[in-house]
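Visitor: Quick note on the working numbering: the sequence shown kicks off at -7 and runs consecutively. Virtual Cβ for every residue (Gly too), placed ideally from N, Cα, C. Handing you this structure, nothing more for now.
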Amino acid sequence: MWNNDPKKTAWKGNVGVWYKKSVGVEGSYYHQHVILPNTLRLLDLKPREKVIDFGCGQGVLGRKIENEYLGVDLSVDLIKEAKFLDKNPKHSYVIDDVCKELKIYGSFDKGVMILALQNVKKPFGAIKNFSKLLKSGGKLVLVINHPAFRIPKHSGWEMKEDKDVRTMDSYMSPLEIPIESSPFDKKDNQVSYSYHYPLSAFTEMLFNNGFLIEKMEEWISDKKSEGGRAKIEDKARAEFPLFLAIKAIKNG
Ligand SMILES: C[S@@+](CC[C@H](N)C(=O)[O-])C[C@H]1O[C@@H](n2cnc3c(N)ncnc32)[C@H](O)[C@@H]1O
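Here it is, written out as structure tokens:
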């Protein structure tokens, strides 16, 4: 049976500490090189547009935005850090569960959720909340780990002589996957959860909540290997995207 407590998905305690450290003030390598520039391009913010960011963590995206912005996350630690780091007077951060009825009012032009839709147990609840909070014609940008190629503990690489081959043992079945923060240190270890759904589940959640998909993009890593297997590794990177971005419009 899946964990029923949404608080368990908030990145608190050691998971929050680990995330703060690994993402840092500027964001991880992939935030800086792939996710933030491409998310900002898809958001295509115009002056005076208001933005709401679900699962904002410590505010890596918020700090790149000049517009009026509201970041929402269930983690007390990460919201505290976001408030400490973001001095923009047009920005606010609140602690809330984005999958449940929210205590937030107002209407927004743009919604965004980066690397967090797969960390909430009920992603359909988050999409429903976006539908309530976005204006008619408002745009939503979702960025997830590519569900067809990257499922924690269920996808991997196999080295063949002249190829790096992607391996998968599951795809269509929804999965709840525990992720340990310090698997080798039982004292410090804390568990967060990743939730897998196939791509069709995300398109259905959007459609059922009045969104039409405008665009889907698949983002690859820009890293380059060195050494004897460089050509093979670079080819595999170019073939298998890390992230999937979906841009949708609220219809009506
Ligand atoms: C991988 S982090 C991504 C954070 C941020 N978007 C970034 O890219 O740095 C996932 C975030 O989802 C948050 N989260 C998990 N469940 C949540 C929920 N039900 N409501 C709000 N936030 C939640 C966690 O606390 C964590 O900050």
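With respect to the beta strand (DSSP E) encompassing residue 164, which residues constitute its N-terminal and C-terminal limits?
Guide: Careful: residue 164 lies outside any beta strand (DSSP E) and carries neither H nor E.
Visitor: Go to residue 117, then tell me how far its alpha helix (DSSP H) extends in each direction, as first and last residue.
Guide: 115 to 125
Visitor: Leaving out five residues before and five after residue 43 in sequence, what residues of the same chain have Cβ atoms less than 8 Å from its Cβ?
Guide: 35, 37, 57, 59, 60, 61, 62, 100, 101, 102, 103, 104
Visitor: Can you tell which of 152, 169, 47, 94 has its C-alpha closest to the C-alpha of residue 71?
Guide: 47
Visitor: For a test of the three-state rule: what should DSSP assign to residue 23, helix, strand or coil?
Guide: helix
Visitor: Under a Cβ-count criterion, where at least 16 other Cβ atoms within 10 Å of its own Cβ denotes burial, should residue 243 be classed as buried or exposed?
Guide: exposed
Visitor: For the pair the segment 187 to 195 and the segment 104 to 117, tell me if three or more CB-CB distances fall below 8 Å.
Guide: Contact between the segment 187 to 195 and the segment 104 to 117 is present: three or more C-beta pairs spanning the two stretches fall below 8 Å.
Visitor: Would you check if the distance between the CB atom of residue 80 and the CB atom of residue 54 is smaller than 9 Å?
Guide: yes
Visitor: On a Cα-Cα basis, can you pick out the residue from 126, 214, 15, 168 that is closest to residue 114?
Guide: 168
Visitor: Beta carbon of residue 30: closer than 8 Å to some heavy atom of ligand 1?
Guide: no
Visitor: Return the bridge partner residues of residue 100 from the DSSP annotation.
Guide: 126
Visitor: Given this structure, state the Cα-to-Cα distance separating residue 232 from residue 52, to the nearest angstrom.
Guide: Going from the Cα of residue 232 to the Cα of residue 52 covers about 25 Å.
Visitor: For residue 172 and residue 145, I'd like the C-alpha separation in whole angstroms.
Guide: 11 Å
Visitor: Starting from residue 150 and walking both ways along the beta strand (DSSP E), at which residues does that stretch end?
Guide: 147 to 152 is the span of the beta strand (DSSP E), which, as asked, contains residue 150.
Visitor: Specify, as a first and last residue, the run of the alpha helix (DSSP H) that residue 68 falls within.
Guide: 68 to 77
Visitor: Determine the direct distance from the alpha carbon of residue 210 to that of residue 82, and round the result to whole angstroms.
Guide: 32 Å
Visitor: Across the segment 135 to 150 and the segment 221 to 241, are there enough close Cβ pairs to call them in contact, namely three or more that are closer than 8 Å?
Guide: yes
Visitor: Which residue marks the beginning of the beta strand (DSSP E) containing residue 186, and which one marks its end?
Guide: 183 to 188
Visitor: Specify, as a first and last residue, the run of the beta strand (DSSP E) that residue 226 falls within.
Guide: Counting along the chain, residue 226 falls outside any beta strand (DSSP E), though it belongs to the alpha helix (DSSP H) covering 222 to 231.
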